[in-house]
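Accompanying notes for the structure given below.
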Amino acid sequence: MAKIEIQIDDGILTEAKKVLHSLGMDVEMAVSIYLRRIALEKGLPMIMTGTASKRIEQVITEDFEESFDDDIRVSTRSNSRITAAMVDEVWQAFLRHVRGSAEINPLSTEVSIKSGMNRGSAFIYLTVLANLVNGDSNTRVLKYNDLEYLMGKIRAELGESKYQKAIKSLIASVPYWREKIPGAFADKVEAYCKKHS
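Laid out in structure tokens, this is it:
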């Protein structure tokens, strides 16, 4: 495996980390995904002509910020956000994984193709779900409302035993999230666990 070193402006790195953190990713993972896309597409996975106007940039930024509103779970969101339909597609794929008929990597690609969800996000969601039902701790995060929704699906469709393992997984993950994830995510998860234990 190769190791690369990148020199980048501190301001750009800070902003990128904020965005990536809200997606449950770090810079290393994002660069890895980006390089894989370049190799897969045999070119840059974006248009490199022209520059966006400040107005377009503002709209994109506002859309992005709205996509991480934990107080709303809406099914009419644009494809630049993780939608309820995407989360449902992740759940259906995860059920196949639990039954042993497919692995997470190909399933994340399938979810991406079927729903328009970013492949990296699909991989994270599927990995978090696998860790939950096995009682293993997680370092990645989902949007809290999606996590709460998926915990309900685990309880309803996989049974109380898997649900209790998922609660155990969340409890084990809280210290890491409290240390590494800014905001109230760890507190929300801890409150959820206390309420449902």
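So the number in the numbering used here is just where the residue sits in the sequence shown, counting from 1, plus 1492. Think of the CB as a built atom: it goes at the ideal place given N, C-alpha and C, for glycine as much as any other residue.
Short Cβ contact (9 Å threshold) for residue i with residue j
i     : j     : result
L1624 : K1657 : yes
V1519 : A1508 : yes
S1607 : A1577 : yes
K1645 : W1583 : yes
S1661 : N1626 : yes
T1683 : P1667 : Before going on, a small fix: residue 1683 reads as Ala here, not Thr. Their beta carbons are not under 9 Å apart, which means A1683 does not touch P1667 by this criterion.
Residue span of the alpha helix (DSSP H) that contains residue i, given as start and end
i     : result
L1512 : 1502–1514
Q1584 : 1576–1590
N1623 : 1611–1626
S1604 : 1596–1607
S1524 : 1519–1533
Any non-hydrogen atom of the ligand ZN closer than 8 Å to residue i Cβ
i     : result
G1503 : This structure does not include the ligand ZN; it has no bound ligands of any sort.
Collapsed DSSP secondary structure at residue i in the structure displayed
i     : result
R1573 : coil
V1633 : coil
S1665 : helix
I1659 : helix
I1646 : helix
L1639 : helix
K1686 : helix
Inter-residue spacing [alpha-carbon to alpha-carbon] between residue i and residue j
i     : j     : result
K1686 : K1680 : 10 Å
L1621 : Y1526 : 24 Å
I1663 : G1516 : 18 Å
M1609 : S1600 : 9 Å
L1512 : A1614 : 15 Å
F1560 : S1604 : Reliability of the predicted coordinates at F1560 is poor, the pLDDT of 46 falling under 50, and no value is obtained from them.
V1633 : H1688 : 19 Å
L1642 : I1659 : 12 Å
R1569 : D1628 : For R1569, the predicted structure reports a pLDDT of 36, less than 50, and the residue's modelled location is therefore unreliable. The matter cannot be settled from this model.
D1501 : N1597 : 33 Å
L1536 : R1591 : 37 Å
Interface flag, residue i vs chain C, CB-CB below 9 Å
i     : result
H1513 : Absent here is chain C; the protein component of the structure consists of one chain.
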